[in-house]
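Chains as they are written, first to last, in numbering that gives the first Met the number 0: chain Y, 0 to 393; chain X, 0 to 393.
Report on one structure; see the data block that follows.
There are 2 protein chains.
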Amino acid sequence: MISKMMVDLGRKRSCIRELFEYGKQQAELVGIENVYDYSIGNPSVPAPVNIATTMRKLLEGDSVQLHGYTSANGCKPAREAVAEDLTRRSKSLIRPENIFFTCGAAPAICASIRALAYEGSEFILIAPYFAEYPVYVNYNGGKAVIVEADIKEFQINFDALEKVINEKTQAVIINMPNNPSGIVYSDETVHNLATILENKSQKYGHPIYIISDEPYRELVYDGVDTPFIPSIYPQTIICYSFSKSLSMPGERIGYVCVPDVAQDSDDLYYAIAGAARTLGHVCAPSLMQWIIAENSRLRPDLSIYDQNRQTLFKELSRIGYRCIKPMGAFYMLVEAPGGDAQHFSDLAKEENLLVVPANDFGCPGFFRISTCVSPGMIERSIPAFEKAYQKALN
Amino acid sequence: MISKMMVDLGRKRSCIRELFEYGKQQAELVGIENVYDYSIGNPSVPAPVNIATTMRKLLEGDSVQLHGYTSANGCKPAREAVAEDLTRRSKSLIRPENIFFTCGAAPAICASIRALAYEGSEFILIAPYFAEYPVYVNYNGGKAVIVEADIKEFQINFDALEKVINEKTQAVIINMPNNPSGIVYSDETVHNLATILENKSQKYGHPIYIISDEPYRELVYDGVDTPFIPSIYPQTIICYSFSKSLSMPGERIGYVCVPDVAQDSDDLYYAIAGAARTLGHVCAPSLMQWIIAENSRLRPDLSIYDQNRQTLFKELSRIGYRCIKPMGAFYMLVEAPGGDAQHFSDLAKEENLLVVPANDFGCPGFFRISTCVSPGMIERSIPAFEKAYQKALN
Numbered sequence: 000m001i002s003k004m005m006v007d008l009g010r011k012r013s014c015i016r017e018l019f020e021y022g023k024q025q026a027e028l029v030g031i032e033n034v035y036d037y038s039i040g041n042p043s044v045p046a047p048v049n050i051a052t053t054m055r056k057l058l059e060g061d062s063v064q065l066h067g068y069t070s071a072n073g074c075k076p077a078r079e080a081v082a083e084d085l086t087r088r089s090k091s092l093i094r095p096e097n098i099f100f101t102c103g104a105a106p107a108i109c110a111s112i113r114a115l116a117y118e119g120s121e122f123i124l125i126a127p128y129f130a131e132y133p134v135y136v137n138y139n140g141g142k143a144v145i146v147e148a149d150i151k152e153f154q155i156n157f158d159a160l161e162k163v164i165n166e167k168t169q170a171v172i173i174n175m176p177n178n179p180s181g182i183v184y185s186d187e188t189v190h191n192l193a194t195i196l197e198n199k200s201q202k203y204g205h206p207i208y209i210i211s212d213e214p215y216r217e218l219v220y221d222g223v224d225t226p227f228i229p230s231i232y233p234q235t236i237i238c239y240s241f242s243k244s245l246s247m248p249g250e251r252i253g254y255v256c257v258p259d260v261a262q263d264s265d266d267l268y269y270a271i272a273g274a275a276r277t278l279g280h281v282c283a284p285s286l287m288q289w290i291i292a293e294n295s296r297l298r299p300d301l302s303i304y305d306q307n308r309q310t311l312f313k314e315l316s317r318i319g320y321r322c323i324k325p326m327g328a329f330y331m332l333v334e335a336p337g338g339d340a341q342h343f344s345d346l347a348k349e350e351n352l353l354v355v356p357a358n359d360f361g362c363p364g365f366f367r368i369s370t371c372v373s374p375g376m377i378e379r380s381i382p383a384f385e386k387a388y389q390k391a392l393n
Numbered sequence: 000m001i002s003k004m005m006v007d008l009g010r011k012r013s014c015i016r017e018l019f020e021y022g023k024q025q026a027e028l029v030g031i032e033n034v035y036d037y038s039i040g041n042p043s044v045p046a047p048v049n050i051a052t053t054m055r056k057l058l059e060g061d062s063v064q065l066h067g068y069t070s071a072n073g074c075k076p077a078r079e080a081v082a083e084d085l086t087r088r089s090k091s092l093i094r095p096e097n098i099f100f101t102c103g104a105a106p107a108i109c110a111s112i113r114a115l116a117y118e119g120s121e122f123i124l125i126a127p128y129f130a131e132y133p134v135y136v137n138y139n140g141g142k143a144v145i146v147e148a149d150i151k152e153f154q155i156n157f158d159a160l161e162k163v164i165n166e167k168t169q170a171v172i173i174n175m176p177n178n179p180s181g182i183v184y185s186d187e188t189v190h191n192l193a194t195i196l197e198n199k200s201q202k203y204g205h206p207i208y209i210i211s212d213e214p215y216r217e218l219v220y221d222g223v224d225t226p227f228i229p230s231i232y233p234q235t236i237i238c239y240s241f242s243k244s245l246s247m248p249g250e251r252i253g254y255v256c257v258p259d260v261a262q263d264s265d266d267l268y269y270a271i272a273g274a275a276r277t278l279g280h281v282c283a284p285s286l287m288q289w290i291i292a293e294n295s296r297l298r299p300d301l302s303i304y305d306q307n308r309q310t311l312f313k314e315l316s317r318i319g320y321r322c323i324k325p326m327g328a329f330y331m332l333v334e335a336p337g338g339d340a341q342h343f344s345d346l347a348k349e350e351n352l353l354v355v356p357a358n359d360f361g362c363p364g365f366f367r368i369s370t371c372v373s374p375g376m377i378e379r380s381i382p383a384f385e386k387a388y389q390k391a392l393n
């Protein structure tokens, strides 16, 4: 017998992938220059040149070490490099023993959930949230509980949050800079969140964790800084990926950081290691680990993303769209003219303009555009945005 | 609350890792040349030189494509290359649509189990089996059921197998060439297995699958050939890894093949895709996929492994050990003199000879040695094998 639940999960293409595939087909019909695909979040700038340089150098060395198994938690030089980088930036001591390398952020999040899940346990998602979180929670032993979006500021709807926390709450998953909104929570928001979780943890007699999913951590603009959450709330598990910061999302390299300040941090770390084992984790890709060992301080060139963000915000606002100005990541959330994001996405499609309704991100009434596209495409797409806007309001 | 079950899984180092770490410490004390470490199965021959050549070439190309997301099931050229290679070797048509790339065989097996698991479902392991199988089964929705080893021929104990199959049996996991025994099942064994599973499938009204874990498929000696299981038993899911065949176990690149001949093969494929999603799979490492696309026909240089196998079999037999002559992989299973493998392993340790008791492989009374070591170490280790043998019998 084949699990019907799994068949459905496998068959149901995400709305993003659906649009992305449509775009590729449409490009063959009308020409790639006439399709304005804002669907997918694939970094559009190349990996920093140091990545290839390091790789060429490593290829001169010992193949058996380079491509061999590392320890399950990662090779020591890579863990040391990440620990050193995090310590320098956060001014909190992070040791190599706090780092567990994974095949990207997705299994890092799954392992963190499994490490905490028990029958009936709940994990809170703050809308808007990354569309795969409900899958990760609901199929790794937990139950996803949604907190509706604060659609004014895109911070956290604390009234709604307080109402859903109960004795079964194990963690709150946050993501900032946020996909899809591009928002970075303010200091006030993070401190409020910490206070609430501290109180609730005390009330229910067990820590309620923050699982902080931070693949966009370095993609911030206008001097915005993303806080180091464990310094504010110790019961934090950081999940990170080098996908976006080093423009290599396909390479599946990331890590979990369990800081010493977390309660029973040793047990927590081992629970994540155990959980990873049950997911089929053996080690993170070894070549990439050795590359990270030498390049943990590399940062992305954000100039194109920043320019795109500025252009799109300015142009779309000029047309009449209500946009959330992104502070980070490479997405922008826009209110759907007419109010129905799916309908608007369909209208836009008629103009070969591909935008993702944010329903799956827990934010109906909005659509998401990925700003990691070519500046030329943005310029060519503006008339399509104008037409779709007019259509939606008529 | 941290899951105690996961903490225990994370803290409990495998016996293999325990010995391996001990060996590294001991080497610092007595010199690396005086430690005879047969514990771990890390390929000791470098990756074929074409791997580095292809990588250098790819680094000249488009970084965004090379390191970008592929489709969840893998980039088309890699799936095409694998399908073409499998078709040529098996003389059964395998299409790119039958292939789903994964981060190695371990998550491929976990996804296959999840695709079939339901409350109470059972998965049969044939001893000796790879020590992580019980973890993969028991933590992905199934229950592992063990069939005791045929310790004469190391084929399958069919009487025992028939007894444990029932209406809840979803699959039998096989591994050949086998880790730890190095045995390849005979044609007769595979056909018997197929007949039993066909009958039982009919009896219980649902297919009982074979999950065929084949990372050692190309590591065979003396002209032995590993059969293409779906040609004999259609309800087969193949899990493969390039870890051993291309000497890159750290790179986490493998695949699932769901052949068209399997019942509802489309559903089965999608169920595995869905299951992979719940494990945090996004895609397999992209650079490695592009490398496989150009090197799917590469085969390992087996000469050293073969030579080691011959030497060890000859020398250990001469001393008096009862060894199972391996037909494939790079392991050898040896009967523990005195009968207690843990005790023998402890005695051997006193001679700085590190061998793994096969208890965790479901084969008590035997120990495993990895033959992927340097020929020089083998030569130096023979006196230690002699001493340990004498000690164990006195």
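Each residue gets a CB set at the ideal place from its N, CA and C atoms; glycine is no exception.
Exercise for the section: Below 8 Å on the Cβ atoms is my guess for X:S43 versus Y:V260; work out the distance and round it to an integer in Å. Expected result: So it is not a contact: roughly 42 Å between Cβ atoms.
Practice task
Examine chain X for any beta-carbon lying closer than 8 Å to the beta-carbon of Y:I195, and answer yes or no.
Solution key: no
Exercise for the section: Could you check which residue in Y:F241, Y:V144, Y:F129 and Y:R276 has the C-alpha nearest to that of X:R12? Expected result: Y:R276
Problem - Any alpha helix (DSSP H) of 4 or more consecutive residues that is wholly inside the region 8–84 of chain X - result: 14–29, 48–58 and 62–66
Problem - Counterpart residues of X:V146 in DSSP-defined beta bridges - result: X:I125
Handout entry: Rounded C-alpha distance that separates Y:G181 from Y:L301
Key = 14 Å
Exercise for the section: Note down, in chain order, each residue of its chain lying with its Cβ closer than 7 Å to the Cβ of Y:N33, except the 5 sequence neighbours on either side. Expected result: N351
Practice task
Pull up the DSSP beta-bridge partners for Y:V355, would you.
Solution key: Y:R367
Exercise for the section: Report yes or no: do the region 88–98 of chain X and the region 109–119 of chain X share at least 3 C-beta pairs separated by less than 8 Å? Expected result: no
Problem - Distance, X:T101 Cα to X:A283 Cα - result: 5 Å
Practice task
Check whether the region 185–199 of chain X touches the region 376–384 of chain X, counting contact only when three or more Cβ pairs, one atom from each stretch, lie closer than 8 Å.
Solution key: no
Problem - Status (buried if at least 16 other CB within 10 Å, exposed otherwise) for Y:Q169 - result: buried
Handout entry: Exposure of X:E250, with buried meaning 16 or more beta-carbon neighbours within 10 Å
Key = buried
Exercise for the section: Would you mind working out which of X:A270, X:E20 and X:L332 sits nearest X:F129, comparing C-alpha positions? Expected result: X:L332
Practice task
Sort Y:N139, Y:V136, Y:C362 and Y:I125 by Cα distance to Y:I145 and report the nearest one.
Solution key: Y:I125
Problem - Meets three-Cβ-pair contact criterion under 8 Å: the region 263–280 of chain Y and the region 65–79 of chain Y - result: yes
Exercise for the section: List the residues of chain X whose Cβ lies closer than 7 Å to the Cβ of Y:Y138, in chain order. Expected result: T277
Problem - X:S230: first and last residue of the uninterrupted beta strand (DSSP E) it sits in - result: Per DSSP, X:S230 belongs to no beta strand (DSSP E); it is in the alpha helix (DSSP H), I228 to I231.
Handout entry: Inter-residue spacing [alpha-carbon to alpha-carbon] between Y:C371 and Y:F329
Key = 6 Å
Exercise for the section: Verify the CB distance criterion: does Y:G73 have a CB-CB separation below 8 Å to chain X? Expected result: no
Exercise for the section: Return the first residue and the last residue of the beta strand (DSSP E) that Y:C464 is part of. Expected result: Because chain Y in this structure spans residues 0 to 393, residue 464 of chain Y falls outside the shown range and cannot be described.
Problem - Among X:A26, X:Y220, X:T225 and X:Y388, nearest to X:T188 - alpha-carbon criterion - result: X:T225
Exercise for the section: Could you name the residues of the same chain whose beta carbon sits closer than 7 Å to that of X:I318, not counting the 5 residues immediately before and after it, in chain order? Expected result: F384, E385 and Y388
Exercise for the section: Give the straight-line distance between the Cα atoms of Y:A159 and Y:I291, rounded to the nearest whole angstrom. Expected result: 40 Å
Exercise for the section: For Y:V223, count neighbouring C-beta atoms within 10 Å of its own C-beta (all shown protein chains included) and say buried if the count is 16 or more, exposed if not. Expected result: exposed
Handout entry: Among Y:K142, Y:Y203, Y:I207 and Y:P179, nearest to Y:F365 - alpha-carbon criterion
Key = Y:P179
Exercise for the section: Answer yes or no: does any C-beta atom of chain X fall closer than 8 Å to that of Y:Q169? Expected result: yes
Exercise for the section: Identify the continuous beta strand (DSSP E) that holds Y:V333 and give its terminal residues. Expected result: Y330 to E334
Handout entry: Of the listed residues X:E131, X:Y135 and X:N49, nearest to X:S111 (C-alpha basis)
Key = X:Y135
Handout entry: Backbone CA spacing between Y:M326 and Y:S373 [nearest angstrom]
Key = 19 Å
Exercise for the section: Using the Cα positions of X:N139 and Y:M4, report the straight-line distance between them to the nearest angstrom. Expected result: 14 Å
Exercise for the section: Using a Cβ cut-off of 9 Å, pull out every chain Y residue sitting near X:R321, in sequence order please. Expected result: Chain Y residues near X:R321: none, gap ~30 Å exceeds 9 Å.
Handout entry: Euclidean distance between Cα positions of X:G341 and Y:Y215
Key = A small fix is needed here, since residue 341 of chain X is Gln in this sequence, not Gly. Roughly 49 Å between the two C-alpha positions.
Problem - Segment limits, alpha helix (DSSP H) that includes X:Y220 - result: Segment: none, X:Y220 is in no alpha helix (DSSP H) and carries neither H nor E.
Handout entry: Burial state of X:G22, where buried means 16 or more other Cβ atoms lie within 10 Å
Key = buried
Exercise for the section: Below 8 Å on the Cβ atoms is my guess for X:I108 versus X:C256; work out the distance and round it to an integer in Å. Expected result: Contact doesn't hold; Cβ gap of about 13 Å is too wide.
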